[in-house]
Amino acid sequence: MKPRRLPELMEDTQDMPTSPAAIRPWIARGLTVLLIAALSGPGFASADEPLSDADTITERASLAAYYAGADGRSDVRMIISDSQGRQQRRQFTVLRRNVQELGDQQFLVVFSQPSDVRGTVFLVDKHIDRDDDRWLYLPGLDLVKRISAGDKRTSFVGAHYFYEDVSGRAHTEDRHELIDTTDEHYVLRHEPLDAASVEFASYVTWIDRETYLPVKIEYTNAAGQVYRRVEALKVETIDGHPTVTLSRVSDLETGGRTDMQFRFIQYDVGLPESVFTERSLRAPPREWLRRPASGGSAR
Amino acid sequence: MGRGVTKLRRYLLVGLVVPVLAPGQDDPFADETWDDGWGDDAAGIVFTGFVEAGLGTRSSDDALVDQRSTLEELRWRIETEWQAARVKIGFKGDAGYDAVEDELFGEIRDLSANFGLGESTDVRIGRQVQTWGTGDLLFLNDLFPKDFVSFFAGRDDEYLKAPGNAVRLSRFGSAFNVDFVWTPVFEPDVYLDGKRFSFFFPPAGGNVAPEPPLSAIEPSRTLSNGEFALRLFKTVEGREYALYAYHGFFKQPTALSPLLEPTFAPLTAVGASLRRPLGKGLVNLEGSYYHSRDDTDGRDPFVPNSQTRLLAGYEREARPRLTVGLQYYLEWTHDHARLLANSPFPDLEPDEFRHVLTNRLSYRSARDRFTWSLFTFFSPSDRDAYLRPQFTYRHSDEWAFVAGGNLFAGDQPQTFFGQLEDASNVYLRLRRSY
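Taken in order, these protein sequences are the chains called B and V.
Just so it is clear: in the first sequence, position 231 is 230 by numbering that gives the first Met the number 0, and no numbers are missing.
Just so it is clear: in the second sequence, position 128 is 127 by numbering that gives the first Met the number 0, and no numbers are missing.
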């Protein structure tokens with residue numbers, strides 16, 4: 000499974016296998032994770048013996064990176080830089096709600112900058128058992144545009160991040176192998192089951208042994224060269240959840256990169272399901288989009 | 000391009016240069032430290048918008064319209080919003096100079112008060128643009144005003160939707176949601192009037208470009224002549240269901256008064272739609288029944304007959320970043336035999352069944368810098384077509400460039416796209432956002 004590093008954004012909902020035969024081991028693993036969590040409490044991992052099962056590690060990484068709290072909100076901004084140093088920017092607020100732990104999730108993304116996308120709203124219903132439902136609201140036309148399930152390895156709003164970096168890659172799409180365990184990291188190597196569907200031949204992830212947050216991913220092409228890197232540059236503990244607050248994706252072939260920063264993060268704000276409906280496209284829910292008074296700084 | 004050109008160039012220079020020199024908005028991303036500059040939540044009123052220059056020209060002459068130029072304008076957009084307690088006031092307006100019509104213009108696209116009424120009702124009062132329905136550039140149950148002149152002249156797609164003065168009530172419930180829109184004074188489409196493009200006029204038996212331009216007779220401003228639009232909608236497991244109703248007038252001046260002046264016939268419409276995923280794509284189905292209240296049996300040749308309109312569409316990403324959309328659209332004119340029997344121009348009346356096929360091809364480059372798109376309308380029954388190729392280059396967050404065309408072809412002048420054959424044009428637009 001691919002590591003997750005964008006805790007506030009779209010979630011990987013396709014984590015769960017969908018064929019009946021594959022579900023039983025998944026449930027078993029899920030139960031194991033929950034039992035260990037229940038028995039050990041927070042921070043259970045740090046003092047324990049290192050894990051040796053690649054699937055268990057990636058499952059924990061998913062919990063840490065994508066399911067923190069029952070819901071959450073964050074302001075996000077990106078600087079998109081090309082090889083000549085020309086920059087573009089994006090700024091938006093993300094609201095996330097877990098429908099089920101390790102299951103479906105809902106997202107509302109409200110853009111505030113730049114001015115040509117200001118007022119654009121993106122609504123996502125992420126599903127485990129089928130394609131996500133996605134809508135885009137274009138304020139100029141007052142148009143609620145439905146977006147078909149598309150290639151997820153394409154640019155997210157012009158950034159070097161792919162939709163899949165943001166929404167997660169189904170771990171059932173890759174073979175996982177634990178290739179090293181260092182004092183700080185689990186190092187895993189992943190190979191796609193369907194090589195034709197992706198542009199990489201394999202990728203390697205470094206997962207923090209204490210927080211289970213992926214801190215680095217490197218993608219290798221068919222020629223054996225690392226051409227793409229995603230890094231967590233800053234991790235803070237917010238509302239008790241270790242959270243990536245600054246990340247970077249680098250296109251090593253062209254020299255372009257995108258930096259993404261998260262601010263005003265808050266977990267368990269009590270977002271109701273009704274926030275994630277067509278109503279919020281035309282009238283973004285002000286009370287939930289407002290920044291928390293605390294400023295969401297590290298605690 | 001005529002007399003406006005020198006003037007326009009002057010406006011162009013002033014318009015495009017001034018915003019560049021003017022102090023910009025706060026630029027949070029200019030701050031490399033990333034530690035400040037998120038912008039203050041309560042920073043007060045923020046103004047955004049753009050300045051845009053557009054130039055377009057006919058690809059061949061129209062003997063009836065002496066101007067070759069179809070788009071020649073400079074436009075300044077200002078957008079802002081203001082939150083006072085629980086009411087949000089939105090504003091969106093354009094001002095500029097249009098050399099084709101040789102006039103300074105100002106248009107308010109949005110000036111509305113938005114507020115909640117209790118937990119589950121949203122209200123929007125004022126000038127606003129509204130859209131609903133499932134068609135891609137085809138509108139069945141969306142009877143809000145459209146500006147086809149802007150659309151055909153190559154202005155931004157946004158301008159296809161014209162603003163109207165209305166009250167919108169939206170109620171969100173667990174069983175279903177309701178939108179109700181009351182437009183007290185009938186708001187017609189911006190129709191072809193002969194200023195920029197000539198149009199087919201049956202009594203003339205061909206295209207006309209009247210001077211002064213066509214000004215259709217609008218319904219008198221009484222309360223009962225207001226427009227009422229209703230939508231009931233609900234999304235279940237990714238399937239979007241909707242029912243629609245409308246009471247008002249045909250949006251185009253397709254009726255003739257006893258003095259043969261174009262006017263708007265009374266219309267009541269009901270319809271339904273469904274949009275849902277199918278395979279890797281999206282399918283949309285929509286239908287609408289147009290009840291022509293002044294010609295219920297189709298006998299009156301000067302009032303459009305009742306119609307049934309049906310639409311089926313499918314769209315998917317065929318390859319990465321390449322979207323393909325197909326639609327089939329049918330206009331079935333009821334009591335067609337009676338229409339022909341009573342018409343003074345039976346040869347010029349629409350077919351009983353008008354079939355239209357559309358195709359959208361859209362390709363984005365990596366990171367969305369370039370977009371190529373081609374939208375095609377083709378009617379095998381009318382034997383006419385309309386192609387909209389467009390290329391968009393987004394140079395930066397500030398600068399964007401668009402080049403495109405509106406290409407019409409048709410065998411007969413009385414068909415919708417056929418009448419526009421001499422309106423075929425190509426255009427360029429340069430926009431600086433702020």
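Cβ coordinates follow ideal geometry from the N, Cα and C atoms, glycine included.
It should be emphasised that the depicted structure is a prediction, and the values quoted were computed from it without experimental measurement.
Counting along the chain, residue 69 of chain V sits inside the beta strand (DSSP E) bounded by residues 68–83.
When C-beta distances to chain B are compared with 7 Å, the residues of the segment 296–317 of chain V below that value are 314, 315, 316, in chain order. Taking 9 Å as the cut-off between beta carbons, the residues of the segment 270–290 of chain B near chain V are 273, 276, 277, 278, 281, 282, 285, 289, 290, in sequence order. Excluding residues up to 5 positions away in sequence, 381, 382, 383, 417 lie with their Cβ nearer than 8 Å to the Cβ of residue 411 of chain V in the same chain. Excluding the 5 residues flanking it on each side, residue 103 of chain V has same chain C-beta neighbours closer than 6 Å at 96, in chain order. Per DSSP, residue 217 of chain B is one residue of the beta strand (DSSP E) stretching across 213–219. Exclusion of the five residues before and after residue 174 of chain B leaves 190 as the residues of its chain whose Cβ lies within less than 6 Å of its Cβ. Take the alpha-carbon of residue 55 of chain V and the one of residue 70 of chain V: they are about 4 Å apart. In this structure, DSSP gives residue 147 of chain V a helical state, which the three-state scheme calls helix. Within the model, the alpha-carbon separation for residue 164 of chain V versus residue 227 of chain V is close to 12 Å. Sequence-distant partners of residue 157 of chain B (beyond 5 residues in either direction) whose C-beta falls short of 8 Å from its own C-beta, in its chain, are 79, 87, 89. Residue state for residue 140 of chain V is assigned as coil, using DSSP reduced to three classes.
Contact with chain V is found for residue 139 of chain B, since one of that chain's Cβ atoms lies less than 8 Å from the residue's Cβ. Residue contact with chain V for residue 72 of chain B: absent (no Cβ-Cβ distance below 8 Å to any residue of chain V).
Residue state for residue 56 of chain B is assigned as helix, using DSSP reduced to three classes. Under the DSSP definition of a beta bridge, residue 239 of chain B lacks any partner. Leaving aside the five residues that flank residue 82 of chain B on each side, the residues in its chain whose CB is nearer than 8 Å to its CB run, in chain order, 253, 254, 255. Per DSSP, reduced to three states, the secondary structure at residue 126 of chain B is coil, with no helix or strand assignment.
Taking a contact to require three or more Cβ pairs closer than 8 Å, the segment 259–272 of chain V and the segment 133–146 of chain V qualify as touching.
The three-state reading of DSSP puts residue 52 of chain V in strand, counting E and B together.
By the CB criterion at 8 Å, residue 152 of chain B and residue 163 of chain B fall inside the cutoff.
Within chain B, 139, 140 have C-beta atoms less than 7 Å from the C-beta of residue 157 of chain V, given in sequence order. Contacts with chain V at 8 Å (Cβ-Cβ) include residue 153 of chain B. The beta-carbon separation of residue 212 of chain V and residue 192 of chain V, rounded to 4 Å, stays under the 8 Å limit for a contact. Residue 281 of chain B: member of the alpha helix (DSSP H) spanning 277–281, first to last residue. Annotation: the segment 83–116 of chain V contains the following complete segments of the beta strand (DSSP E) (minimum length 3 residues), in chain order: 86–97, 102–115. Using a 10 angstroms sphere on the CB of residue 61 of chain B, the tally of other CB atoms reaches 16 or more, which defines it as buried. Bounds of the beta strand (DSSP E) holding residue 239 of chain V are 238–248.
Put simply, the backbone Cα of residue 324 of chain V is about 11 Å away from that of residue 283 of chain V.
Flagged as an interface residue toward chain V: residue 147 of chain B, by a C-beta distance shorter than 8 Å. Pairing residue 96 of chain B with residue 271 of chain B, the inter-Cα distance amounts to about 8 Å. By the neighbour-count criterion, in which 16 or more other beta carbons inside 10 Å mark a residue as buried, residue 71 of chain B falls on the buried side. Contact annotation, residue 224 of chain V with residue 185 of chain V: C-beta distance approximately 6 Å; criterion of less than 8 Å satisfied. Comparing alpha carbon positions, the residue from V:301, V:266, V:251 closest to residue 259 of chain V is V:301. In the displayed model, residue 394 of chain V falls within coil according to three-state DSSP, outside both helix and strand. Just so you know, the alpha carbons of residue 400 of chain V and residue 393 of chain V end up roughly 6 Å apart.
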